[in-house]
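Below you'll find the structure, written out as structure tokens, and then a few comments.
In the UniProt record's numbering, the protein residues as written are 1 to 267.
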């Protein structure tokens, strides 16, 4: 953040948020809180991830990358039964976030509203046989309450799913546990099937995709989807985008560090 401020000669709030995969979304939440408290008029917030050899090698050696174990095929296929790890991506995604009255005063183009958000933390180690959805469900509940909407008003869920065997299963269960019967009706897609896991930038990249979904009335797909996994049995918008009115988007970010964040953006 300091490098960007130096480049732009910005002298206001300057903070770097480091919460793993949730970093980009947490930066947006932090900026929104800052504005809600009346401590500024506008904030440039988001996430950046640069892929370096040490990051790639560390992920490969830990066995979390697709194709890094036992000669598995390299494929990024969230919610698909064939998934075997993620593919690392590289990205930067930033949002100009400002108070509504200031945006209207300068006649700005308003793409979406940050309606609500929630943050929780899961201190327990998650494994394939030990998936606790409590904090994920609580996080979504906080965001929904903050936004003042109910389950049926969510037009689309931007999933954190990145083709992780355990992570995708956990998120699917969180969505089912919170939304109940509506979980089968709400579209849930994973843009990481197309971008790869961009780590610190993933949450803000999902926000940009959600904003474009609202602006263009198109829900992005989950590509590489071929084999149904009963444990991830959701409407994951398989392989092709879908034309649909999008009013409220729920964006999830679940970090391996235990940080859990959800943001709702609205038309």
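Glycine is no exception: its CB is placed at the ideal position from the N, C-alpha and C atoms.
Query raised in the report: Span of the alpha helix (DSSP H) holding residue 154?
Result: For the purposes of this step, residue 154 is identified with residue 154 of the chain shown, where counting begins at 1. From DSSP, residue 154 is part of no alpha helix (DSSP H); its letter is neither H nor E.
Report task. Please name the residue in 4, 29 and 14 whose C-alpha comes closest to that of residue 259. Result -> Locating residue 259 in the chain shown gives position 259, counting from the first residue. Checked all of 4, 29 and 14; the closest Cα to residue 259 is 29.
Query - Whole alpha helix (DSSP H) elements within the region 22-85, 4-residue minimum - result: 23-36 and 53-62
Query raised in the report: What are the complete alpha helix (DSSP H) segments, minimum 4 residues, inside the region 156-240?
Result: 165-179, 192-195 and 202-216
Query raised in the report: Shortest alpha-carbon distance to residue 119 belongs to which of 90, 105, 65 and 135?
Result: Residue mapping note: residue 119 aligns to position 119 of the chain shown, counting from 1. Looking at the Cα atoms, 135 is the closest of the given residues.
Query - Best match in 196, 25 and 133 for proximity to residue 50 [C-alpha to C-alpha] - result: As a first step, residue 50 is located in the chain shown; it is residue number 50 there, counting from the start. Comparing Cα-Cα distances from residue 50 to each of 196, 25 and 133, the minimum goes to 196.
Query raised in the report: Quick one: what's got a C-beta closer than 8 Å to residue 18's C-beta in the same chain, skipping five residues either side?
Result: Within the chain shown, residue 18 is the residue found at index 18, counting from 1. Closer than 8 Å at the Cβ level, and outside the excluded window around residue 18, lie 200.
Requested in this report: For residue 94, name the three-state secondary structure that DSSP assigns.
Outcome: As a first step, residue 94 must be located in the chain shown, where it is residue number 94. In this structure, residue 94 counts as strand in the three-state DSSP scheme.
Requested in this report: Please work out which residues of its chain come closer than 6 Å, Cβ to Cβ, to residue 5, disregarding the five sequence neighbours upstream and downstream, and give them in chain order.
Outcome: Reading the chain shown from its first residue, position 5 is the one you call residue 5. Closer than 6 Å at Cβ, skipping near neighbours: 14.
Query raised in the report: In this structure, what does DSSP give as the bridge partners for residue 117?
Result: Within the chain shown, numbered from 1, the residue matching residue 117 stands at position 117. Answer is 263, bridged to residue 117.
Query raised in the report: For chain C, is any of its Cβ atoms less than 8 Å away from the one on residue 265?
Result: Of the chains in the structure shown, none is chain C; there is only one protein chain.
Query - Same chain, Cβ closer than 8 Å to residue 131, five either side skipped, listed in chain order - result: Within the chain shown, residue 131 is the residue found at index 131, counting from 1. Cβ neighbours of residue 131 beyond the five flanking positions: 166, 169, 170 and 173.
Report task. Please check the pair residue 204 and residue 95, which I expect to be a contact at CB under 8 Å, by giving their CB distance rounded to whole angstroms. Result -> Residue numbering aside, residue 204 sits at position 204 when the chain shown is read from its first letter. Residue numbering aside, residue 95 sits at position 95 when the chain shown is read from its first letter. Rounded, the Cβ-Cβ distance is 7 Å, consistent with contact.
Query raised in the report: Got a sec? Which residues, its chain only, sit under 6 Å from residue 241 by beta carbon, not counting five neighbours each side?
Result: Working through the chain shown from its first residue, we reach residue 241 at position 241. Result list for residue 241: 218, 220 and 221, in chain order.
Query raised in the report: Along the chain, where does the alpha helix (DSSP H) that runs through residue 5 open and close?
Result: The count along the chain shown starts at 1 and reaches residue 5 at position 5. Note, residue 5: alpha helix (DSSP H), 2-8.
Query - As assigned by DSSP and simplified to three states, the class of residue 19 - result: Position 19 of the chain shown, counting from 1, holds the residue named residue 19. Note: residue 19 maps to strand in three-state DSSP.
Report task. Flag this pair as touching only if the region 103-112 and the region 51-58 have three or more C-beta atom pairs under 8 Å; answer yes or no. Result -> no
Query raised in the report: Using CA coordinates, which residue listed in 91, 113 and 89 is at the minimum distance from residue 100?
Result: Along the chain shown, one-based indexing puts residue 100 at 100. Taking only the C-alpha atoms, the option nearest residue 100 is 113.
**Report entry** Nonlocal neighbours in the same chain, by C-beta distance under 8 Å from residue 148, ignoring five residues either side
**Finding:** The sequence position of residue 148 within the chain shown is 148, counting from 1. Excluding residues within five positions, the ones whose Cβ falls inside 8 Å are 115 and 116.
Requested in this report: With DSSP as the reference, label residue 131 as helix, strand or coil.
Outcome: In the chain shown, residue 131 corresponds to position 131, counting from 1. In the structure shown, residue 131 sits in coil (DSSP, three-state: anything other than H, G, I, E or B).
**Report entry** Through-space distance from residue 62 to residue 251, alpha-carbon basis
**Finding:** Along the chain shown, one-based indexing puts residue 251 at 251. Along the chain shown, one-based indexing puts residue 62 at 62. Their backbone Cα atoms lie some 27 Å apart in a straight line.
**Report entry** Local Cβ density within 10 Å of residue 98, reported as buried at 16 or more and exposed below that
**Finding:** In the chain shown, counting from the first residue as 1, residue 98 sits at position 98. So residue 98 counts as buried.
**Report entry** 8 Å Cβ cutoff met for residue 263 and residue 143
**Finding:** Position 263 of the chain shown, counted from the start, is the residue given in the question as residue 263. Position 143 of the chain shown, counted from the start, is the residue given in the question as residue 143. Result yes, Cβ atoms of residue 263 and residue 143 sit closer than 8 Å.
Query raised in the report: Which two residues bound the contiguous alpha helix (DSSP H) that contains residue 104?
Result: Taking the chain shown and counting its residues from 1, the one referred to as residue 104 is at position 104. Unbroken alpha helix (DSSP H) run through residue 104: 100-105.
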